[in-house]
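Going by the working numbering, the letters in the sequence shown line up with residues 236 to 582, in that order.
Even glycine gets a Cβ: it sits at the ideal position worked out from N, Cα and C.
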Amino acid sequence: MNFSRKLFIGLLMIACFSVTAHCQDKSLKAYVIGFYNLENLFDTINDPNKNDEQFLPDGDYSWGTLKYTNKLKKMSYAISQMPKNLAVLGVSEVENIDVLQDLVKEESIINRNLKPILVEGPDKRGIDVGLLYNPTFFTPTNVTSTRIISEIPDFYTRDQLCVSGLLDNEEIHIIVLHWPSRGGGLKRSNPRRADAAKTTKHICDSLFKINPQAKIVIMGDLNDDPVDASVTKYLGAKGQKESVAPQELFNTTYSLYKKGIGSLAYQDLWNLFDQIIISHDLLGKDYNTLKYWKTEIFNKDFLKQHEGKYKGYPLRTHSGGVWTNGYSDHFPSLMWVVKYNEAQESK
Numbered sequence: 236m237n238f239s240r241k242l243f244i245g246l247l248m249i250a251c252f253s254v255t256a257h258c259q260d261k262s263l264k265a266y267v268i269g270f271y272n273l274e275n276l277f278d279t280i281n282d283p284n285k286n287d288e289q290f291l292p293d294g295d296y297s298w299g300t301l302k303y304t305n306k307l308k309k310m311s312y313a314i315s316q317m318p319k320n321l322a323v324l325g326v327s328e329v330e331n332i333d334v335l336q337d338l339v340k341e342e343s344i345i346n347r348n349l350k351p352i353l354v355e356g357p358d359k360r361g362i363d364v365g366l367l368y369n370p371t372f373f374t375p376t377n378v379t380s381t382r383i384i385s386e387i388p389d390f391y392t393r394d395q396l397c398v399s400g401l402l403d404n405e406e407i408h409i410i411v412l413h414w415p416s417r418g419g420g421l422k423r424s425n426p427r428r429a430d431a432a433k434t435t436k437h438i439c440d441s442l443f444k445i446n447p448q449a450k451i452v453i454m455g456d457l458n459d460d461p462v463d464a465s466v467t468k469y470l471g472a473k474g475q476k477e478s479v480a481p482q483e484l485f486n487t488t489y490s491l492y493k494k495g496i497g498s499l500a501y502q503d504l505w506n507l508f509d510q511i512i513i514s515h516d517l518l519g520k521d522y523n524t525l526k527y528w529k530t531e532i533f534n535k536d537f538l539k540q541h542e543g544k545y546k547g548y549p550l551r552t553h554s555g556g557v558w559t560n561g562y563s564d565h566f567p568s569l570m571w572v573v574k575y576n577e578a579q580e581s582k
């Protein structure tokens, strides 16, 4: 038997063993935690305290009942195609709690019994971050909203939402973010995202002070990539598991970015702004407690543009001011955590 044949048989045996091991993992139960930028989910009602003029029936986008209801149907359909064990979904670019309440009542997801959480902030565009959770899997115990700490004058952006709760009877902290945009260019906007990152780091440090083994999930549209300074330097998220020490952070989307996978596209370049970052104690293989398994970009075919110069891009709601009746200009990010079933734990 020559070397090539021996090598082939050896690799085949390894592959068979891997499949067998995977099948034996039926003793593990999984939960999905995700994030989705809903791209301007506004209602049609004028709010004098918000800059929502573009999204009114007589506004720039002629945002009336038809477009609003279609937007809800598109967003709810996208969510309906996510795994049934979706426990928590962070969202951004939503106007208020009312639009989230309308969203979870949509026919395609009403049976999931999703519940919304949102705390309004001072953002000039009038958009906020929020959370949808399935009470079958996740029970919230505390909700806080933190304003970004900054010395930049007249700096009004989204607050940072932290929802603590129980997932499979384990405490977990979910931080939902939408860091400041790149408007005005990188040089001008970088300090704003640095301040946002420092604020997120402060939230994490506060949680670690209470519990050094805190399980934290940071998710959001960071308007930066996993390799940018806001993420690596100011937040301190690392891309390699083995380099993450206790009370440090691992960026689960780093390896995807390095493979060229993105969550949004602009001028033929892909970015991965929609990131999921976790604390050290979600790493490892002690599946008696919740542990990280994998992360993926939910870039299903129905979410994509299928023709024209933007073929393959996310199919957005508006393009060049024209209503395209799409979904969002971002793909969602989804992360799986796993844990032994109770039957396994009792053995």
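{"Query": "So, for residue 469: in the same chain, excluding its five sequence neighbours on each side, which residues have a beta-carbon less than 7 angstroms away from its beta-carbon?", "Result": "429, 432, 433 and 436"}
{"Query": "Please state whether DSSP places residue 540 in a helix, a strand or coil.", "Result": "coil"}
{"Query": "Within the same chain, show all residues whose beta-carbon is closer than 7 angstroms to that of residue 302, passing over the 5 residues directly before and after it, in chain order.", "Result": "558"}
{"Query": "Could you tell me which residues DSSP puts in a beta bridge with residue 405?", "Result": "402"}
{"Query": "Only counting the same chain, and skipping five residues up and downstream in sequence, which positions put a Cβ closer than 6 angstroms to that of residue 375?", "Result": "398 and 400"}
{"Query": "Which residues in the same chain have their Cβ closer than 6 angstroms to the Cβ of residue 576, if we skip the five residues on either side of it in sequence?", "Result": "262 and 264"}
{"Query": "Only counting runs of 4 or more residues, tell me where the alpha helix (DSSP H) segments fall wholly within the stretch 415-477, in order along the chain.", "Result": "421-445"}
{"Query": "Return the CA-CA distance between residue 274 and residue 535, expressed in angstroms with no decimal places.", "Result": "17 angstroms"}
{"Query": "How should residue 382 be labelled, buried or exposed, when 16 other C-beta atoms within 10 angstroms of its C-beta is the threshold for buried?", "Result": "exposed"}
{"Query": "Who are the Cβ neighbours of residue 483 in its own chain at under 6 angstroms, not counting the five residues just before and after it?", "Result": "515"}
{"Query": "Can you name, in chain order, every residue of its own chain whose Cβ lies under 7 angstroms from the Cβ of residue 550, other than the five neighbours on each side?", "Result": "538, 539, 540, 559, 561 and 562"}
{"Query": "Is DSSP giving residue 346 helix, strand or coil here?", "Result": "helix"}
{"Query": "Would you mind working out which of 452, 367 and 362 sits nearest residue 413, comparing C-alpha positions?", "Result": "362"}
{"Query": "For a test of the three-state rule: what should DSSP assign to residue 577, helix, strand or coil?", "Result": "helix"}
{"Query": "Given a threshold of 16 other Cβ atoms within 10 Å of its Cβ, counted over all protein chains shown, does residue 271 qualify as buried or as exposed?", "Result": "buried"}
{"Query": "Hey, how far is the Cα of residue 569 from the Cα of residue 318?", "Result": "9 angstroms"}
{"Query": "Where residue 370 and residue 328 are concerned, what is the direct C-alpha to C-alpha distance, given to the nearest angstrom?", "Result": "23 angstroms"}
{"Query": "Kindly indicate which residue of 519, 532 and 282 has the alpha-carbon position closest to the one of residue 505.", "Result": "532"}
{"Query": "Going by other Cβ atoms of all chains shown within 10 Å of its Cβ, with 16 needed for buried, is residue 336 buried or exposed?", "Result": "exposed"}
{"Query": "Can you give me the Cβ contacts of residue 390 inside the same chain, cut-off strictly under 6 angstroms, excluding the 5 residues immediately before and after it?", "Result": "none"}
{"Query": "Smallest Cα separation from residue 353: which of 346, 367, 387 and 451?", "Result": "367"}
{"Query": "Tell me which same chain residues have a C-beta within less than 6 angstroms of the C-beta of residue 548, skipping the five on either side of it?", "Result": "500 and 540"}
{"Query": "So, helix, strand or coil for residue 284, using DSSP?", "Result": "coil"}
{"Query": "Am I right that residue 467 and residue 530 are in contact with their C-beta atoms under 8 angstroms? What's the rounded C-beta distance?", "Result": "The Cβ separation is near 17 angstroms, so there is no contact."}
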